[in-house]
Amino acid sequence: MLFGKLPEFELEDGRNWSSYVRLVRQFILLNEIKTELRVATLVTHVGARTYQLLCDLCAPNHPEDKTFDQLVVLVAGHLEPKRSEIAERHMFRQRRQEEGESISTFLQSLKHLATHCNFGATLEVDLRDQLVSGLRSEDMRSRLFAESSLDYKKAVELALALEAAERHAAEAVAGAALWATAGASGLGQGAAVAGLHRVAQGPPAATGPRGACWRCGKTRHAPNKCRYKSFVCDKCNVEGHLAVMCSKNRKDPPESRYQNFINKDSSSDSDSSDGLYKLVSVNSDSKDGPYNYTLSIENTKVLFEIDTGSRISAVSKSFYDKHLSYLPTTSDGNKFHSYTGEAIVTLGRVTVKVTCRDVTLPLPLFIVNNGGPPLLGRQWLRKLKLNSINVHHLSAEDDSEVDKLKLDFPDVFNVFKSGHDSCKTKVKLFVKDDMPMFCKARPLPLALRDPVEQELERLQREQD
Numbered sequence: 001m002l003f004g005k006l007p008e009f010e011l012e013d014g015r016n017w018s019s020y021v022r023l024v025r026q027f028i029l030l031n032e033i034k035t036e037l038r039v040a041t042l043v044t045h046v047g048a049r050t051y052q053l054l055c056d057l058c059a060p061n062h063p064e065d066k067t068f069d070q071l072v073v074l075v076a077g078h079l080e081p082k083r084s085e086i087a088e089r090h091m092f093r094q095r096r097q098e099e100g101e102s103i104s105t106f107l108q109s110l111k112h113l114a115t116h117c118n119f120g121a122t123l124e125v126d127l128r129d130q131l132v133s134g135l136r137s138e139d140m141r142s143r144l145f146a147e148s149s150l151d152y153k154k155a156v157e158l159a160l161a162l163e164a165a166e167r168h169a170a171e172a173v174a175g176a177a178l179w180a181t182a183g184a185s186g187l188g189q190g191a192a193v194a195g196l197h198r199v200a201q202g203p204p205a206a207t208g209p210r211g212a213c214w215r216c217g218k219t220r221h222a223p224n225k226c227r228y229k230s231f232v233c234d235k236c237n238v239e240g241h242l243a244v245m246c247s248k249n250r251k252d253p254p255e256s257r258y259q260n261f262i263n264k265d266s267s268s269d270s271d272s273s274d275g276l277y278k279l280v281s282v283n284s285d286s287k288d289g290p291y292n293y294t295l296s297i298e299n300t301k302v303l304f305e306i307d308t309g310s311r312i313s314a315v316s317k318s319f320y321d322k323h324l325s326y327l328p329t330t331s332d333g334n335k336f337h338s339y340t341g342e343a344i345v346t347l348g349r350v351t352v353k354v355t356c357r358d359v360t361l362p363l364p365l366f367i368v369n370n371g372g373p374p375l376l377g378r379q380w381l382r383k384l385k386l387n388s389i390n391v392h393h394l395s396a397e398d399d400s401e402v403d404k405l406k407l408d409f410p411d412v413f414n415v416f417k418s419g420h421d422s423c424k425t426k427v428k429l430f431v432k433d434d435m436p437m438f439c440k441a442r443p444l445p446l447a448l449r450d451p452v453e454q455e456l457e458r459l460q461r462e463q464d
């Protein structure tokens with residue numbers, strides 16, 4: 001009975017013939033195969049294509065007429081001709097760490113290139129020098145340069161430690177910002193009842209240099225430039241992102257993570273009454289435009305605006321008349337309210353066939369009189385497995401731009417006083433003659449109530 005398993009030799013990968021021969025020798029040693037049987041062991045395991053190569057190289061003789069060592073030398077001379085030492089060292093010196101390549105992978109590549117360089121006793125010195133000079137990170141290279149005594153082993157340990165520290169720092173920053181959400185209320189385009197509240201927010205995380213990269217969570221770079229784009233996630237084993245940014249972290253997340261507001265009077269998804277909120281931009285032409293997603297409704301492509309503040313998905317009466325009028329409507333007595341508590345009248349609902357990512361489901365779609373664009377709510381997001389879409393993002397303005405504004409408009413910013421950046425000045429505001437809309441005041445966080453109360457009292461004392 002033979003121990004172990006000897007694979008066939010892949011002829012296309014001829015550079016590994018020497019490695020394959022070492023594997024064969026270990027197989028022979030493990031099974032204590034006699035010398036006269038070594039040739040038979042080799043020719044019966046190398047595979048049909050390699051055996052044909054052996055026959056061609058041994059012609060007019062046969063491989064069985066040669067010794068084991070003679071066959072090894074024949075194939076090595078054919079597949080691994082002697083290489084130029086200068087050329088091999090040139091390739092070694094030109095090797096640089098690629099974008100997204102880990103230190104371990106880079107070091108393995110250097111060792112492979114050094115195999116035919118004949119460095120001899122200076123191998124570790126050459127590996128150390130090329131490791132340091134080939135690093136992609138300037139900060140990491142500077143840190144290694146600062147070491148007074150740096151041998152190969154220490155260089156590898158320090159480089160791996162710096163890489164791990166940088167990776168953990170990136171995961172910590174990304175974890176803190178992963179669920180960060182922000183929103184600002186605005187006015188709708190319709191009347192007070194029909195117009196639904198708009199929530200404007202920052203650009204999606206991967207759209208620009210100020211957004212958070214969806215691969216690592218850091219800012220100041222685009223996802224296609226991320227150094228972690230070749231990393232394998234520890235959670236899903238998929239290449240392209242860190243574990244902290246994995247979508248599995250957000251499996252069945254609490255809905256409050258996706259909402260822009262806290263309303264103590266709002267009901268849960270199981271209640272018959274729910275708030276209906278419209279996620280669009282105050283200025284649809286700006287960079288803070290609506291977040292859209294295309295779905296197939298009754299075999300027709302429809303662009304929806306994502307609204308994680310709304311439980312239901314809804315369309316306007318005009319949309320229904322144009323695209324879905326052949327479907328019968330039903331009324332179940334559900335009541336919906338705007339953010340300010342005003343009732344929103346629905347004309348009923350229809351059950352439509354929704355297709356998303358090769359999945360088709362029958363889902364309820366509500367019809368709203370004088371409504372805006374088609375609205376994609378939380379119920380559909382869960383049913384269609386789109387819960388991982390987190391469109392909320394909090395991004396701070398660049399300090400340099402803030403400083404530039406202060407320099408360009410000194411008269412405006414000079415009126416600010418110390419403390420809570422309050423100011424006392426007169427301004428004129430010209431508004432269009434239109435019906436104002438009442439917006440309920442949002443409660444202050446507990447941590448800010450005392451400082452705000454103190455600041456209000458201080459302002460009153462100054463006025464007195």
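Just so we're aligned: 443 in full-length UniProt numbering is position 443 of the sequence shown, and the numbers increase by one with no gaps anywhere. All C-beta atoms, glycine included, are put in the ideal place defined by N, C-alpha and C. Source: prediction; values computed, not measured.
Assuming residue i and residue j are in contact, meaning their beta carbons sit under 8 Å apart, how far apart are those beta carbons, in whole angstroms?
{"i": "R136", "j": "L150", "result": "The pair is not a contact, with the Cβ atoms about 19 Å apart (cut-off 8 Å)."}
{"i": "V88", "j": "G47", "result": "It is Glu, not Val, that sits at residue 88 in the sequence shown. Not really, about 29 Å apart at Cβ, beyond 8 Å."}
{"i": "L6", "j": "V24", "result": "7 Å"}
{"i": "V359", "j": "I344", "result": "That pair is no contact at about 30 Å."}
{"i": "G217", "j": "V244", "result": "6 Å"}
How far does the alpha helix (DSSP H) with residue i in it reach, from first residue to last?
{"i": "L30", "result": "17-31"}
{"i": "Y320", "result": "That residue, Y320, is in no alpha helix (DSSP H); it is neither H nor E in DSSP."}
{"i": "L347", "result": "Looking at the DSSP string, L347 is not in any alpha helix (DSSP H); the run it does join, the beta strand (DSSP E), is 346-356."}
{"i": "C58", "result": "48-58"}
{"i": "M140", "result": "138-145"}
{"i": "P451", "result": "446-463"}
{"i": "D69", "result": "68-79"}
{"i": "Q108", "result": "103-113"}
{"i": "E8", "result": "Neither: E8 is in no alpha helix (DSSP H) and is coded neither H nor E."}
{"i": "R382", "result": "378-383"}
{"i": "A40", "result": "38-43"}
{"i": "Q94", "result": "85-94"}
{"i": "Q97", "result": "From DSSP, Q97 is part of no alpha helix (DSSP H); its letter is neither H nor E."}
In terms of alpha-carbon separation, which member of the options lies closest to residue i?
{"i": "W380", "options": "G372, L405, K353, P373", "result": "K353"}
{"i": "R357", "options": "G372, K385, T346, L363", "result": "K385"}
{"i": "H62", "options": "A40, V132, R96", "result": "A40"}
{"i": "E298", "options": "Y326, D307, Q460, I306", "result": "Y326"}
{"i": "I86", "options": "H45, S133, C117", "result": "C117"}
{"i": "T67", "options": "S142, F430, L37, Q94", "result": "L37"}
{"i": "A169", "options": "L242, E157, V72", "result": "L242"}
{"i": "M91", "options": "L375, H112, E99, V132", "result": "H112"}
{"i": "S331", "options": "P364, F319, K322", "result": "P364"}
{"i": "N16", "options": "V427, C55, P60, V75", "result": "V75"}
{"i": "S230", "options": "E101, T308, R143, K322", "result": "E101"}
Apart from the five residues just before and just after residue i, which ones in its own chain have a Cβ nearer than 6 Å to its Cβ?
{"i": "I103", "result": "A159, L160, E163"}
{"i": "L303", "result": "N292, T294"}
{"i": "F106", "result": "Q97"}
{"i": "V43", "result": "Y51, P63"}
{"i": "S284", "result": "Legend: pLDDT at S284 = 38, less than 50; position of this residue unreliable, no value from coordinates given."}
{"i": "C233", "result": "H241, A243, C246"}
{"i": "M140", "result": "L162"}
{"i": "E124", "result": "Y152"}
{"i": "Q454", "result": "none"}
{"i": "H45", "result": "L6"}
{"i": "V72", "result": "V21"}
Would you mind sorting residue i into buried or exposed? The rule is 16 or more other CB atoms within 10 Å of its CB.
{"i": "S84", "result": "exposed"}
{"i": "C439", "result": "exposed"}
{"i": "S310", "result": "buried"}
{"i": "Y228", "result": "buried"}
{"i": "S313", "result": "buried"}
{"i": "M1", "result": "exposed"}
{"i": "S148", "result": "exposed"}
{"i": "I306", "result": "buried"}
{"i": "G134", "result": "buried"}
{"i": "G77", "result": "exposed"}
{"i": "E171", "result": "buried"}
{"i": "residue 478", "result": "The structure shown does not extend to residue 478, since the chain is modelled only from 1 to 464, so the question has no answer here."}
{"i": "P81", "result": "exposed"}
{"i": "V452", "result": "exposed"}
{"i": "R458", "result": "exposed"}
Provide the residue span of the beta strand (DSSP E) that contains residue i, from first to last.
{"i": "P362", "result": "359-368"}
{"i": "I297", "result": "292-297"}
{"i": "E305", "result": "300-306"}
Under 8 Å Cβ to Cβ from residue i, same chain only, skipping five residues before and after it: list those, please.
{"i": "P362", "result": "T351, V352, K353, V354"}
{"i": "K317", "result": "L347, I367, V368, N369, N370, G371"}
{"i": "K154", "result": "E147"}
Might you give, ordered along the chain, the residues of its own chain that have their beta carbon closer than 7 Å to the beta carbon of residue i, omitting 5 neighbours on each side?
{"i": "D271", "result": "Any reading at D271 must be qualified, since the residue scores a pLDDT of 38, below 50, and its modelled position is unreliable; the value itself is stated next. Once the five neighbours on either side are set aside, D271 has no close Cβ partner at all."}
{"i": "G4", "result": "F27, L30"}
{"i": "K95", "result": "Per the sequence shown, residue 95 should be read as Arg rather than Lys. S109, L110, L113, Q130, G134, listed in sequence order."}
Beta-carbon of residue i versus every beta-carbon of chain B: anything under 7 Å?
{"i": "T300", "result": "This model lacks chain B altogether, as it is built from one protein chain only."}
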